[in-house]
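Protein chains in written order, with the working numbering: chain S, 1 to 1057; chain Y, 1058 to 1479. Ideal Cβ positions, reconstructed from N, Cα and C, are used throughout, including at glycine. Predicted model, so just to flag it, every value in this text is computed and none were measured.
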Amino acid sequence: MSNNKVYWRGTEELEKDPAFVKNADKEFSEELPIDKFLSNKDLDSTNTSRRDFLKFMGFGITAATLAACETPVVKSMPYVVKPDEVMPGIANYYASTHFDGYDYASILVKTREGRPIHIEGNKLSKTAQGGVSARVNSSILSLYNKRRFTGPMKEGQSMDWATMDGEIAGLLNNVKNSGGNVRFLSSTMISPSSMSLIGEFKTWMESANVPLDATEEAAPSSASVNHVMYDAVSSAAMIEANKNTHGIAAIPSYHFEKAKVIVSFGADFLINWINPIGFARDYANGRNPEGGMSKHYQFETVMSTTGSNADIRGAIKPSEQGAAVAMLGNAIAGMMGNGGSITASLVNDDNQVESKLKDAASKLVAAKGSGLVISDSNDPNVQAIVNGINEMLGNIGSTIDFSNTMNLRKGSDTEVAALIGEMNAGAVDLLFVMDADPAYTLPSAWGFSDAMAKVKNVVSFAEKPDATSQSAKYICPVHHFLESWNDANPFGNEVTFAQPTINPINNTRQWQDSVLTWMGSADTYYDVLKRRWDAEVTATDDPSVIFASKWNKVIQDGVGSMPMPEMAIVPVFNAEAVSSAASALSKPIDGWEVAFYVKAGIGIGSNADNPWLQELPDPVTKVVWDQYVAMNPADMMSDAFQLNTLMGEQQRAGMVRVTVNDASVELPVVSVPGQKRGTIGVALGYGKGYEGDRLIGENAFAMLPVTQGYIRYSAPATVEKIERRYNIASTQTQHTMMGRKILNETTFSEFKSEGREHWNPVEMLNDAYGNKVTMDKLDLWAEHDIDLGHRWGLSIDLSTCIGCGACVTACHSENNVPIVGKDEVNRTRSMSWIRIDRYYSSDADPEIHGGIDQDKDYQAMEIPSEYPEVGYMPVMCQHCNHAPCETVCPVAATTHSDEGYNQMTYNRCIGTRYCANNCPYKVRRFNWFNYIGDSKFADLNPSQDNLARMVLNPDVVVRSRGVMEKCSLCVQRVQAGKLDAKKAGTPVKDGSIQTACSSACPTNAIAFGDINDKGSNVRSQAMNDRAYHLLEEVGVKPNVWYQTKVRNSEHNADHTA
Amino acid sequence: MRNTWVSLTRNFLFVTGVMSLLLMSSPASAQEGEAIFKANCTACHKIDKKLVGPALQGARARWAERTGSDDAIIAWVKNSQGYMKSANDAYANKLFDDYNKSVMTPMAISTEEVVAVLDYVDNWQPEVPVAQAGGEAGAAGAEDSAGDPTLWLILVAVVLFVVFRVLWGVNKNLESLNRQNEGDAPVPSTDMFGEFIGFFTRNLAITAVLFLVLGAYICVLGWDYVSGVGVYQGYQPKQPIWFSHKIHAGQNGINCVYCHNSAEKGKAAGIPSLNICMNCHMGVQEGKVSGTKEIAKIYTAIGWDADKNRYIEGYEQKPIEWVRIHNLQDFVYFNHSQHVVVGKQECQTCHGPIEEMDEVYQYSELTMGWCITCHRETSVTMDGNGYYESIHEDLVEKYKGEGLETFTVEHIGGLECVKCHY
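In structure tokens form, the structure reads like this:
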């Protein structure tokens, strides 16, 4: 039957638009310039016909094809004279020390053929105790940063060292002869030798000149030299308070492992505060559910990494911190019958902070002498009351040790302010700036940049261009720390060493060598160090090895101990100081406040141009590559803002303008449950790093207010919505567990009182006959032969995982995982082999709302609580014994090994992505692009840079486009470890093989080993009662176990929801 | 440790062997002098040049002109330190000082043998370097003449074709003549190609068979070609230094791992760095054929002044750019120490008769099939290695039914992907 329907090509045809009708019979409606082309007179004169073109093309293709089959000529160049310690293909490890003025770690640097490629922790160190943080292990990539200075510069022009030395020595001589002020400005310096070098320089400058004419009398020089230290995130108030209350102007060492009750007011001690790597390990050691478990209270504004790990968290406004501390003090004093009450109250207690404080007080009193109260406040009054509380509880001397002081923060706000005063007065003739970027990190209220313009000569010892070096007259670029010699005295009498692991890449010189040269010394800094420590250091005892000298021994270990003055430091408590502080305590303020905080990856911004750190998801928000305003979702949805709380590719974030005093920034808003309502959080350290040409974020350091001479990390602010939207990239857009057993959690009291079936029930399923059986009884396939030989596996303790992300960057470094940039992350194409899932608790009751089949407001479970509890769960390939990915691969590119691996063979993969579809854990990553060659990633991916490519691990393949990749359980390390054992003719020793993630973990939450080894740590963990498999019910039998998270709280929040 | 022991034992046997030979044949002649010289003296002495020690030619005369006899030099050779103590000879002291006070190793040889050496070196005449050019040309010629036989086949085919064409033409002409003679019309002038085609169009069965055979042959050729892509068996590039493994490993019997020492330690067997070459070539400065020229390349690279016998200070060293012969793809991990130390494989298993190669070529296919075949067939030496103890027990238990006691690499997972690909 014929059809009379008429189809139109568009409304134009229907409406018989004249313009359309005119061209309706033509294939191309617009005029094609064929005539014009053919009428071209030159056309006839060309001698390339179409046929010729085809011939050339045909020949070209054939020639190219044949040429492609030619044997590639590969050159091999051996050393001319091979250094003894280098063996091609074998890694060397050098002990060194990382300290950039903020993060301290004693480290082992892995080098291959002279190139540093990976950083791990040095287990001999007492300060960092073998852990690293994301910022520390990523610093290896900064070594190969192409933005680093390549040589000395004066006023933007390149210069050679000899001329530079001449000019600066001349300037110094001028000052020495005619008087003047020379100032050093740095971040906290913990190197004893550098400190004494500056001391020597001072003596040299201030001492009399030898007169040219012998008859003249040597006049003492009127030059003055001074060294000022400051911290980007200041702890000056703490040092001041310690001086006032205990007579010691320093930061004591803290013993989190001894503390039974920890109360922290804002101090993010797991990733930022003072010595986070060491503290994290201590903290984890004190939190062993099978043994004893400390109870951790956190009262803070922003949802910090530490706060998200707390057993009890109370959200307070930043201005309420003093009041909260005072209320805790009142409660404790009350319970101990000391009387003495400070008037304090909270403005808006919507998180039961008052009762939580009372609870904390009673726990602290019960655990007298083994509690620990700390605060990150830079208000000396608050710190003084904290000291008073610790004194009252008898914590000083047990968990707080004033006899071994922490040297990692020594900066003084007063001194730096005084220096700026001097500079403004034009009294500074020569300013040396090292290990710091004051023009960036000092609050604009102090006007450092203006003051700097008034200094006659500024010499910047910068490694790469920064705000200070930009306006400095002289730039004497320094080595990266991996190219330098140094020593460090992080705490007590421990001294650790930094040694070069590579020859300087650029024409740089460490500042100590520059100063020595200008002083006319023939020594290098290395000579100075060696002379000093050969005499002074006490090496760790190891009778099995005979060393040429103590120096060799300590350089090999990286750690030694230095002689300390015999006189013991005894803190003397001054109660007067506490009560005067209490009376001067500032009151909480009403209205919006902004809290400035430091992020796990970016830190204080010194490595903001490190793509590994920019792409490291924030532990809490999982946002990458951006700065944002953290706001409680309840506030975002309030009438005043009406902002979008959702995240994802299609969800553009709303923006606000934050104004503090006169300065304002416009930033996107990200919903952070747990952020105190009525406050926002803004991260420091931005406005420095780039993604391609895009400057990421704004410098929030500039906005910091200064009150009573101290930099404060919060301020009253006005927050207004602006009508712009912004794309935010986040690796996790789902926030809750929807009532499933994903991150299994229980309370400490239930864990102790109830059996496993209560808090970690074994998954039971119906078999064909309707009998309940455990998952291991139900098999679709034959078992792999996993009992023979090795069976590698991981066990991850969710109780001690703090979500810091050190494992993520370690994995990037070890396995050459590409960086893909914000746009690709936004398209859910992040390439990380290990991700840390973060779950918020929800108020929705799964009994009421649960089950997709039940139409009971199911979506309520997707919404986190206003002040939720948080859990972290690292997820990598689970290496399933019944892996769903293996059965769907059409080319057998992913198969199972009898050693427990789920093997991924890149050269076999054809990129169907069936495996990723079938993976219940979503851990497989697809190479959508040729990240090492595609121009889209030229500015992002380190492997596209000739210099940064040196960081790649030569034992691991760089994957190409169209290939699936995933966690390999660091098979290259396992194979190397097995080979060592085979060569030695011994079984593999438990613990001798570590994956990158397990070795990086500062809390030892990740354990790796042979499950078939009866004595292995990982086996004992996998067999214990807390162990379970993620998504056990799907029956894939993973080789990765998780240990149930135990939170030390009495009540059980609806954590499963 | 073990290696040191072996080499010590070997040296001992060698020395005693030489000694006993020498003892049997004394008194020694000048011919024997050469043997004794080569066995004992060449490490430190040359005949006409100074090396570690002085040139030996004329040494006898230098000593004899003062003392009037050979006794002093003989005593010196046997034990130079002893001679210096007892004789207090100013010349000897000066000699000792001139040569950096390096003590000459006392020689446990008889007086006759010393005399034989002295006779030999005094009568020695330098060889005229004619052989060099001839040798090289010979080598190049040999290479060409060893060219493959395809060329010959093509030549024969062309000749045969020409013969065939001529015969065919003759045949045609004869037939035409014949027909003309018989008064018939001459054969229509067709070309050979036309008749050739005509034959096949008339005999379709033959054509079909021929097509099938040809088609199959082309398929086989194609398959062979494709599976040969990326396989460089027999690859023998020209190297910047004409280094002969035949001389070093074959004739001189130097152990492979003396130079390629990282084969026992790491994944790469390693091309020896030049300082390893210099261990011997500080002394061995000349070769018979092209050696002198090639050894000089080492000196140019490392900065060795052969005349003064010392390194040139501040010399800018240049690495040698060898052409890599064995190229495994980037996605394969291969570890030499695994195979050499743990697997106890000989180098020759994969690299072929390297000690017979003047120029090294790729002996094995280096394909995955080649690897896998070996892993399937090679049994693992588990005895005496603590690592394999429990694994061996488990394997015996597992293969009880088959009664296996020894196991191949395959049994311990040697065919699993991640053993080589990561």
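Exposed unless 16 or more other CB atoms sit within 10 angstroms - verdict on residue i
i	result
S:R1047	buried
S:E576	exposed
S:G369	exposed
S:S191	buried
S:T1003	buried
S:T245	buried
Y:H1468	buried
Y:R1236	exposed
S:F751	buried
Any C-beta of chain S under 8 Å from that of residue i
i	result
Y:Y1356	no
Y:S1447	yes
Y:K1295	no
Y:L1461	no
Y:G1291	no
Y:C1474	yes
Y:A1325	yes
Y:L1267	no
Minimum Cβ-Cβ distance from residue i to chain Y less than 8 Å
i	result
S:N1039	no
S:E757	no
S:Q903	yes
S:G89	yes
S:P987	yes
S:N907	yes
S:Q944	no
Nearest to residue i (by Cα), restricted to the options the options
i	options	result
S:H479	S:E494, S:S471, S:S460, S:S224	S:S460
S:G605	S:G687, S:M703, S:R115	S:G687
S:V620	S:D557, S:L14, S:E869	S:E869
Y:V1380	Y:G1255, Y:S1347, Y:P1297	Y:P1297
Y:H1317	S:S362, S:K82, S:Y94	S:K82
S:T97	S:R835, S:V495, S:F701, S:G334	S:V495
Y:K1345	Y:A1363, Y:T1207, Y:P1183	Y:P1183
Y:L1331	Y:N1312, Y:G1272, Y:I1352	Y:I1352
Local conformation of residue i per DSSP, three classes
i	result
S:F497	strand
Y:T1349	helix
S:A250	coil
S:P716	strand
S:Q157	strand
S:T405	strand
S:A267	coil
Y:S1143	helix
S:E886	helix
Y:I1131	helix
Residue i - partner residues in DSSP beta bridges
i	result
S:T774	S:M764
S:T746	S:V1046
S:D487	S:F497
S:T707	S:Y710
S:T679	S:E593
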